[in-house]
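Visitor: In UniProt numbering, the protein residues as written are 1 to 109.
Beta carbons: idealized from backbone N, C-alpha and C, even for Gly.
Below you'll find the structure I mean.
Take a look at the structure:
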């Protein structure tokens, strides 16, 4: 029985990532997942999610709205009961955290 829950949380984690890939930093034409702004996605067996993320800078223009958008979009997933977004600047974001896809999109490769 516990194996089924394991698969569910894995599947839910993947759904959360798919939703995160639909959210863009308004100043950069790359989604927040590929940008490396998402540090971790936690999903527990009660279908509650917690997202640990950062912003490109502490005074990022979307510092107030982006975490709310992440939380609201993740909560639209049927299986998700609750979502908490935690912002951290440790470690601070840098271009090294971007995926190769994002670097290519921005002409950095």
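(1) Pull the bridge partners of residue 31 from the DSSP assignment, please.
(2) Please determine, among 29, 57 and 95, the residue with the shortest C-alpha to C-alpha distance to residue 105.
(3) Assign residue 31 to buried or exposed, taking buried as 16 or more other Cβ atoms, counted over all protein chains shown, within 10 Å of its Cβ.
(4) Whole angstroms is fine: what's the gap from residue 56's alpha carbon to residue 45's?
(5) Within this structure, are the beta carbons of residue 51 and residue 62 separated by less than 8 angstroms?
(6) Quick check: residue 80 and residue 74, are their CB atoms within less than 8 angstroms of each other?
(7) Buried or exposed for residue 93, please, with buried defined as at least 16 other CB atoms from any protein chain shown within 10 angstroms of its CB.
(8) Out of 47, 43, 66 and 13, which has the shortest C-alpha to C-alpha gap to residue 25?
(9) Suppose you measure from the CA of residue 77 to the CA of residue 108; what does that come to, to the nearest Å?
(10) Report the rounded CA-to-CA distance for residue 23 versus residue 70, giving the unit in angstroms.
Guide: With the structure as the only source:
(1) The beta-bridge partner set that DSSP reports for residue 31 consists of 24.
(2) That would be 29, whose Cα lies nearest to the Cα of residue 105.
(3) Result: buried.
(4) Taking the straight line from one Cα to the other gives about 31 angstroms.
(5) Result no, Cβ atoms of residue 51 and residue 62 do not sit closer than 8 angstroms.
(6) A contact, by the Cβ cut-off of 8 angstroms.
(7) Buried, since its Cβ has 16 or more Cβ neighbours within 10 Å.
(8) Measuring from the Cα of residue 25, the nearest candidate turns out to be 66.
(9) Near 33 angstroms, if we compare the C-alpha coordinates of residue 108 and residue 77.
(10) One C-alpha to the other measures close to 7 angstroms.
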